Amino acid sequence: PAIPSAPGLLGVSGSGLPRRSWSMTTGRTHRRCPARAHLESLFLPRDEPAEDTDAIVRGKAVHAWIESRHRRTPQRPCEPDDVPGPPEAWQYEGWSLSGLQARLGIQMIGDHSLVCPLRERPEDVEVQPERTVAVYDPDADTVVVAKTDLLYRVGGRWTLRETKTKRVPDEGDLLDQFPQLALAVLLARAGALPGNGDCAVEMERLTASGPVVTGIDTAAPDVVARARSVLEPYVTPWHADARYPAKAGKACEDCPFTRWCPDAAERRVT
Ligand SMILES: [Zn+2]
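So the sequence shown is numbered by this note's numbering: it starts at 266 and just counts up by one.
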């Protein structure tokens, strides 16, 4: 009963399969290889994941640092000079950066203070970093799970903010680039986020040329339609799939489940 119900959230119905759970990760993984999504859903032990790229490490370190600032009590806004160091090489929570990525990471963390949701009315702000949102779609017989970057309330207004670090931001439609935003739009419309059906959604991009925060109009019918069409290829093939065939080949290269998969292209060298 604690899980709210949102009929039609995913826009699919009647697979005849047992109840399952779906997240953006499930959708992404299923597109790359249905077998991998299935093995992941069984919580099988993973082999050591492939090494992250420098940019991914920088993104994780920046996220972790900002999250730690938002979790302080009493809560207070992020400050431009409250950054890790030294600038040529630093580490945070196991992520080690050096050179360009170290300097870029510090710049991004400093830039965030310019757009920090706590910066204006810290006494009347509530923040919930990394909150997991779960909602049940009875039409799809699926529990939808979303790990949000930050939910916050200023005065009476709730907002979901996703944050991405990218040296050079892409042009083009944000929902296309970040399908989790499309899911956020549908969750907001379905009343599955705090704020009684009126939760705003925004994207914070930390780039080499500064911070950009973009609001998404979740009440606009064309935005909602766009969100549905962005999510469709992540939802519909997964929802209809009862067999989870392997897409052996490239998808095996960084798969942590190849030892469990009879169809894996080749056992990854670890
Ligand atoms: Zn902040």
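Positions of the beta carbon are idealized from the N, C-alpha and C atoms, including for glycine.
None of these values were measured; they are calculated from a predicted model.
Rounded to whole angstroms, residue 388 and residue 317 show a C-alpha spacing of 38 Å. In the DSSP assignment, residue 499 falls within the unbroken alpha helix (DSSP H) covering 486-505. For residue 411, the enclosing beta strand (DSSP E) covers residues 407-412.
Taking 8 Å as the cut-off, one finds no heavy atom of ligand 1 near enough to the beta carbon of residue 268.
Listed in chain order, the non-local C-beta contacts of residue 373 below 6 Å within the same chain comprise 327, 430 and 471, local neighbours out to five positions each way being set aside. Residue 506 holds the alpha-carbon nearest to the alpha-carbon of residue 303 among 506, 519, 514 and 515. Under the three-state reduction of DSSP, residue 473 is assigned to coil, being neither helix nor strand. Rounded to whole angstroms, the Cβ separation of residue 274 and residue 409 is 6 Å, and the two are in contact under 8 Å. Bounds of any beta strand (DSSP E) do not take in residue 458, whose DSSP letter is neither H nor E. 376 is the residue among 376, 365, 266 and 283 whose C-alpha sits nearest the C-alpha of residue 474.
The three-state reading of DSSP puts residue 429 in strand, counting E and B together. Annotated as proximal: residue 371 and residue 349, with beta-carbon spacing under 9 Å.
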